[in-house]
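Residue numbers (this note's numbering): 2 to 322. Beneath this line is the structure, given in structure tokens, with notes to follow.
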């Protein structure tokens, strides 16, 4: 049997001494992503090649798609990255000496396949199932919070309109136009177990019930969730609410009274736990560079958010090792 010949670029890449941050990141993700479980979610609807040109292997296409999510690339930019980066080619399993890279059109069709069949939410569930099996999702406490993801406000498009699913809201003294990602986070590990999306003008408190998995004993939230326990949809929810006190409540207590010191200590303890909810937002917005909506309409952006937060959980998992 003839040996598989190594290309010059692959040999040169293998001989270099320094491991780049991209190489290390992709190597880490290769270890923690549950590839078999995710491929099993997609396989029932993935083309088999019975008719027409044989499709690119599912394992390879899933890696191409994840490269797009991790580095916030357009379809064309992913294709360029495969040609430009040996680290990306090694991760995907492409040898340009023998084959061409998956092109932008192929990635577009794959992404639409996931969108049409709502598979990103199912992959998010599959990812969390593996994290639960590893004992990383403790489920005794939940932190709820939301972040605004901006959308293009321009009307310079074919319809001369802004995205009808997006709305504007005021935070502090600044106005934002876009959507909100509401998440429920495991209080101990910082992993995201629940996600909903809304237009930016929807109050955070409205989505609270959808972010609880039902097994938590304690729920932590900032002052924006004040009064959540009195809402009608919470009548059957039996948890201990740890909601941050409003600034007005704290200011009413004299700084020189012993009660103020106790209150400050309590609020500091609650804030230190709530801080875990900020890391998933950091991963999505800073590491994955997802600060603006990529698509038009809430459904497509919701599917995208499920995939980003699912992959973000693996970054959090790896950072905690």
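Even glycine gets a Cβ: it sits at the ideal position worked out from N, Cα and C. Since this is a predicted model, take the numbers as computed values, not measurements.
Tell whether a beta-carbon distance below 9 angstroms holds between residue 150 and residue 283. Taking 9 angstroms as the Cβ cut-off, residue 150 and residue 283 do not qualify as a contacting pair.
On a Cα-Cα basis, can you pick out the residue from 64, 125, 108, 43 that is closest to residue 93? Here the closest residue by C-alpha is 64.
Reducing DSSP to helix, strand and coil, say where residue 95 ends up. In the structure shown, residue 95 falls within a coil segment according to DSSP collapsed to helix, strand and coil.
Between the beta-carbon of residue 217 and the beta-carbon of residue 188, is there less than 9 angstroms? Against a cut-off of 9 angstroms, the Cβ pair of residue 188 and residue 217 comes out as a contact.
Return the Cβ separation of residue 220 and residue 143 in integer angstroms, given the expectation that the two are a contact with Cβ distance under 8 angstroms. Residue 220 to residue 143, Cβ: 5 angstroms. Contact.
Since residue 146 contacts residue 222 with CB under 8 angstroms, what's their CB separation in whole angstroms? With a beta-carbon spacing of about 7 angstroms, residue 146 and residue 222 fall inside the 8 angstroms limit used to define contacts.
Candidates 264, 117, 135, 296: closest to residue 152 by CA position: Nearest option by C-alpha distance: 296.
How about residue 314 and residue 193: do their beta carbons lie closer than 9 angstroms? A contact, by the Cβ cut-off of 9 angstroms.
Within the region 161-203, ranges of the beta strand (DSSP E) (whole runs, at least 3 residues): 168-172, 175-187, 193-200, all fully within the region 161-203.
The region 94-112 / the region 67-84 touching (three or more Cβ pairs under 8 angstroms): Two segments are said to touch when three or more pairs of C-beta atoms, one from each, lie closer than 8 angstroms; by this definition the region 94-112 touches the region 67-84.
Report the partner residues of residue 147 according to the DSSP bridge assignment. Its beta-bridge partners are 183.
Would you say the beta carbon of residue 27 is closer than 8 angstroms to some non-hydrogen atom of the ligand SAH? Ligands in the displayed structure: none, and consequently the ligand SAH is not present.
Counterpart residues of residue 221 in DSSP-defined beta bridges: Paired residue(s): 144, 243.
I'd like to know whether the C-beta atoms of residue 169 and residue 204 end up nearer to each other than 9 angstroms. No, these two residues do not count as a Cβ contact at 9 angstroms.
For residue 293: DSSP bridge partner residues: According to DSSP, residue 293 shares a beta bridge with 151.
Through-space distance from residue 293 to residue 316, alpha-carbon basis: Residue 316 and residue 293: Cα-Cα distance of roughly 20 angstroms.
Among 252, 256, 210, nearest to residue 242 - alpha-carbon criterion: Nearest of 252, 256, 210 to residue 242, Cα basis: 210.
So, for residue 182: in the same chain, excluding its five sequence neighbours on each side, which residues have a beta-carbon less than 7 angstroms away from its beta-carbon? Listed in chain order, the non-local C-beta contacts of residue 182 below 7 angstroms within the same chain comprise 147, 148, 150, 196, 198, 306, local neighbours out to five positions each way being set aside.
Sequence-distant residues of the same chain with beta carbon closer than 7 angstroms to residue 57, five excluded per side: Once the five neighbours on either side are set aside, the close Cβ partners of residue 57 are 103, 107.
In this structure, does DSSP put residue 114 in helix, strand or coil? Helix at residue 114.
Using CA atoms only, rank isn't needed, just tell me which of 224, 299, 311 is closest to residue 268. Checked all of 224, 299, 311; the closest Cα to residue 268 is 224.
Range of the contiguous alpha helix (DSSP H) that encloses residue 302: Segment 299-320, the alpha helix (DSSP H) holding residue 302.
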